[in-house]
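A.B. asks: Residue numbers (my numbering), protein chains in the order written: chain U, 562 to 1122; chain S, 356 to 680. Glycine included, C-beta positions come from ideal geometry on N, C-alpha and C.
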Amino acid sequence: MVLIASALPAYAQEPSWERLINSDREPQNWMSYGGNYAAHRFSALDQINRENVRQLAPVWMFQTGELHGGLNSTPIVVDGVMYLMGPMNRVFAINAATGEKLWSYIYKLPQMSIPYQPGSRGLAVAYGRIYFGTLDNHVVALDAKTGREIWDVEVEDVRQCGCNITSAPLVVKDKVIVGGTGGEHAHRGYLNAYDAKTGKHVWRFYTIPGPGEPGYETWSEKMWKYGGAPTWLVGSYDPELNLLYWGVGNPSSDFYDEFRPGDNLYSDSIIALDPDTGKLKWYYQEVPHDMYDFDSAFECALIDYEKDGRKQKLLVHANKGGMTWALDSATGKYVNAWPHVDNLTWLKGVDKNGRPVGMQPVPPDKETFVCPSAAGGRNYGHSAYNPRIGWWYNVGWEICSVIRPQKLEVKEGQPLFGGGMEMKPPKDKPAYGHINAFDPLTGARKWRYNTTGINVASLLATGGGLIFSGDVMGDAFALDARTGQKLWSFNTGAGMSGSPISYSVNGQQYVAIPTGMGSLLSGLVPFLWPELAHKLPEAASTLVVFALPETSIKGAASNGK
Amino acid sequence: MESRSRSAKVAVRAIAVLFLPFALCLSSFDLSLRSRAAQPQSAESQIEAGNRIYLGSCSMTYCHGAGGMGGGAPKLRDRGFTAEYLTHLITEGVPGTSMPAFKDSLGKQQVVQIVAYVLSLSPKKGAAKANGDQQPQAQTLDPHLSGAAPKTEPTTSPASERVKSDVAVDDSFDIRGDVEAGRALFFDSAEIQNCRVCHTVQNRGGRVGPDLTELAGKPPREILRSIVAPHAAIEERYATITITNRAGEKFTGVKRDENETTIRLYDTSTLPPVSRAFLKSDVAKTERLNTSAMHADYASKYSLKQLLDLVSFLKSSNVGLKELF
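1. Do Ala754 (chain U) and Lys736 (chain U) have their C-beta atoms closer together than 8 Å?
2. Go to Gln873 (chain U), then tell me how far its beta strand (DSSP E) extends in each direction, as first and last residue.
3. Identify, in the order they occur along the chain, each residue of the same chain with its Cβ nearer than 8 Å to the Cβ of Ala702 (chain U), setting aside the five sequence neighbours on each side.
4. List the residues of chain U that Phe542 (chain S) touches, going by C-beta distances under 7 Å, in chain order.
5. Would you say Asp607 (chain U) and Gly1045 (chain U) are within 8 Å of each other, going by their C-beta atoms?
6. Considering only DSSP beta bridges, list what Asp713 (chain U) is partnered with.
7. Who are the neighbours of Cys418 (chain S) on chain U, taking C-beta pairs under 8 Å?
8. Quick one, which residues of the segment 1014-1036 of chain U are near chain S if we go by CB-CB under 7 Å, in chain order?
9. Looking at the C-beta of Met424 (chain S), does it have a partner C-beta in chain U at a distance below 8 Å?
10. Taking C-alpha atoms, which residue in U:Met622, U:Glu579, U:Arg586 and U:Tyr817 lies nearest to Thr1053 (chain U)?
11. Could you tell me which chain U residues have their CB closer than 8 Å to the CB of Gly560 (chain S), listed as they occur along the chain?
12. Rounding to the nearest angstrom, what Cα-Cα distance links Trp764 (chain U) and Phe1088 (chain U) in this structure?
13. Measure the C-alpha to C-alpha separation of Asp912 (chain U) and Lys894 (chain U) and round it to an integer number of angstroms.
14. For Gly405 (chain S), which residues from the same chain have a beta carbon less than 6 Å from its beta carbon, with the 5 sequence-adjacent residues on both sides left out?
15. Determine the direct distance from the alpha carbon of Arg619 (chain S) to that of Ala639 (chain S), and round the result to whole angstroms.
16. Hey, does Thr759 (chain U) have any beta-carbon neighbour from chain S nearer than 8 Å?
17. Is Arg592 (chain S) close to chain U? Criterion is C-beta to C-beta, closer than 8 Å.
18. Hey, quick one: how far does the beta strand (DSSP E) through Ala654 (chain U) stretch, first residue to last?
19. Rounding to the nearest angstrom, what Cα-Cα distance links Gln975 (chain U) and Leu1093 (chain U) in this structure?
20. Considering just the uninterrupted stretch of the alpha helix (DSSP H) at Glu439 (chain S), what are its terminal residues?
21. Just verifying my parser: in three-state terms, what is the DSSP assignment at Trp793 (chain U)?
22. Does the beta carbon of Lys927 (chain U) fall short of 7 Å from some heavy atom of the ligand HEM?
23. Would you mind telling me which residues of chain S sit closer than 8 Å to Val714 (chain U), beta carbon to beta carbon, in chain order?
24. Run the CB neighbour count on Ser397 (chain S), radius 10 Å, all protein chains shown included, and call it buried at 16 or more, exposed below.
25. Rounded to whole angstroms, what is the Cα-Cα separation between Tyr866 (chain U) and Gly951 (chain U)?
26. Would you tell me roughly how many angstroms separate the C-alpha atoms of Tyr853 (chain U) and Asp989 (chain U), rounded to the nearest one?
27. Return the residues of the segment 396-409 of chain S that lie within a Cβ-Cβ distance of less than 8 Å from chain U, sorted by chain order.
28. Hey, out of U:Pro812, U:Asp799 and U:Ala1005, whose CA is closest to Gly789 (chain U)'s CA?
29. Can you check whether the C-beta of Lys1122 (chain U) is within less than 8 Å of a C-beta belonging to chain S?
30. For the alpha helix (DSSP H) containing Gly1068 (chain U), list its first residue and its last residue.
31. Pick helix, strand or coil for Cys418 (chain S), following the three-state DSSP scheme.
32. Closer than 8 Å by beta-carbon distance: list the chain U residues that pair up with Arg551 (chain S), in chain order.
33. For Arg643 (chain S), list the residues DSSP reports as bridge partners.
34. What residue range is occupied by the uninterrupted beta strand (DSSP E) comprising Lys985 (chain U)?
35. Measuring alpha carbon to alpha carbon, tell me which of U:Thr707, U:Pro800 and U:Tyr677 ends up nearest Glu745 (chain U).
36. For the beta strand (DSSP E) that Glu403 (chain S) lies in, which residues bound it at each end?
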């Protein structure tokens, strides 16, 4: 493993970089957003397994006290303490075994309308500190023991850029790396790195090249400053290659393209950066000249693929357009691409380099029916990978939309959506959704589980051979990772749009599932599934934590500490 | 930097050529609105105009959906809204939610049109019926906001006045700053260390350094001096302090605030400034310095033309080079 000793913070407290980057050795903890730096969302714990999961029961719950924004986040657990980001940037430290609140930090948001959403997807923990981005576009560091504020730095005036931070940062060595929203505003997307100790700004990578930079020619002079291409989710990191991977969102003026002829790099791309300098190492664009709002912002799963003695380092990435790309994570070279939804109209296929061919035009003067919808073949509910089985699990949404482009004034920081859209079911059938198991290289589907409406929440894979998630109707559930059969469910009373995790304290395995939708995506449900409208759960913002009864733990295999 | 050797005519022409299209572009939006406002619109054209604005502003991504439904935000079709309610909601937004206040981005006339459009999505029982009014919905709107009162508005836009004054630059040579170019520099989002990271003008910008709105009343040369030689005059509220903690680390900047246990400092040693919180029990020493926390390299960072632009922006009028000396 290549680690640059001098880049390690001298003040390091727990968890250290060494622990963070080797988190697979500590299955009792869930120390980073994706469970590990490869975005696997896999817990090796197996105390809860296919045989006993039916006995799973809630053991404690935690209320964030704020319903606006539900609970979208991924809890973090380090050494028996859970750190939870609630909506409106409410941060909590909780005893992970009992649910007792240890401290809270309520960030003071100014009276303002919040771009994108009032929910937040999480925080990062490293070196005795909590790091998070705010809905008014600041990055804040707290003391992990006390919740005391240490530093706070503004990224850019939210009123000027129309952008903010709704996701968790990623700590890489001595830096806190933070993405932001802004794809539907006249804004130039970027990724920022701050010194983890001091908060000092270290580098900024613009996702739209400026004059003189390669890729600038893929934009018009009018739009390079305002073309969106946000970094609104969380990246991955490979310590062997020292590469930081981040998915980039759609170009602004989403449906109206007169202003932005060209491929519009690096919108809808995966970028690989040197985390020490912020310099681009490679990029791969999935949707050149996007006309459909198909962000490529989702997680980059880093998978060491092995078959018939052949090893390959893959970056597996599901796009909002319903396609999944597998790339060589060292070089960015195309390896394979396959659809993870059934209804796709926007492309006919991909060429030998993975570039879409036969892309559906979206003429400025009429309506265009496109599948999947701009809400995506899936959205930010993350995939999971079980390295023991070698399968990658991902959700799919079969929803289409009618796009109505419209020319808008381009004004910095102002909305720039370039039209409107209406969600529609696919032609001749109702809308539906599913969870699938795939071979991550070939895309061969191993099983499908049909969900109730769309599954907005992330997936969690465990060493117990299970896939956990929760649906919009309030059911937390577990599927058999090998067959897709539903083995357990529990009605939490609130729809789910966050990310379940698993951890253990004192030998007891827990599964924590955030409940409370708080996402505009939930508004799609009554429209597309009118039969569910009157049954939709009420608002909530509650973490529900499950474990097995004492009696069934005895005798169950455990690798928790 | 502009060269003094250029002839006055060339300079004037260059400024006029560079500036005219920009100014016209800026003003065309307002002017077109006013020309529309001058003739009361029919209900149908109000609704049609409202639909156009709606598509770009309200049916964004997961919001209200084209046609008032099918998005993630509350549906707007078949609702009993009143014009007053919608106008207030659209103008002021709903703080704490994703519904923005559109008063910053939409004119009153545009709000009227959106309201007309949204009302048209529901059967005519809401506002119209409540008023016992059989007129088309667009005419039941608040008269203060409708297109029927254009006479109170000025007939000349500020932008078109600017164009006139720029073309009529004095024949003797002078470089003139440009308010809009100065504004762009002040808020330049491509420059991480722009002025706004510390300063506010007209309620926009950071609170680290003084609010510069009041500078408009000062002579241009005094404004220039405060940019290039910030140490000359320091407001007590923004005095530079150094905090030394018990570990011996020193931090320099401007005090943000304090309470019983904590003092917060905007550390200005690098930009953007970082707000740092110190437990008072951990502070060994606090010193006041006689220098400004503002960096003193702006004379070399900006060209003379750019400094003129900034002074012009802060004065809200295009300042000539001669006014500085």
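C.D. replies: The relevant details are as follows:
1. yes
2. Arg871 to Ala879
3. Arg690, Ile691, Tyr692, Glu710, Ile711, Trp712, Asp713, Val737, Ala757 and Gly760
4. Gln721
5. no
6. U:Val701 and S:Ser630
7. Leu1081
8. none
9. yes
10. U:Met622
11. Asp718
12. 43 Å
13. 13 Å
14. Gln468, Ile469, Ala471 and Tyr472
15. 15 Å
16. yes
17. no
18. Arg651 to Asn656
19. 35 Å
20. Ala438 to Glu447
21. coil
22. The model on display carries no ligand, and the ligand HEM is accordingly not part of it.
23. Pro627, Pro628, Val629 and Ser630
24. exposed
25. 8 Å
26. 22 Å
27. Arg407 and Tyr409
28. U:Pro812
29. Unreliable positioning characterises Lys1122 (chain U) in this predicted model, as indicated by a pLDDT of 39, which lies under 50. A coordinate reading is not provided.
30. Taken as a continuous stretch (DSSP letters only), Gly1068 (chain U) belongs to no alpha helix (DSSP H), as it is neither H nor E.
31. coil
32. Asp718 and Gln721
33. S:Ile596
34. Gly980 to Lys985
35. U:Tyr677
36. Per DSSP, Glu403 (chain S) belongs to no beta strand (DSSP E); it is in the alpha helix (DSSP H), Ala398 to Ser412.
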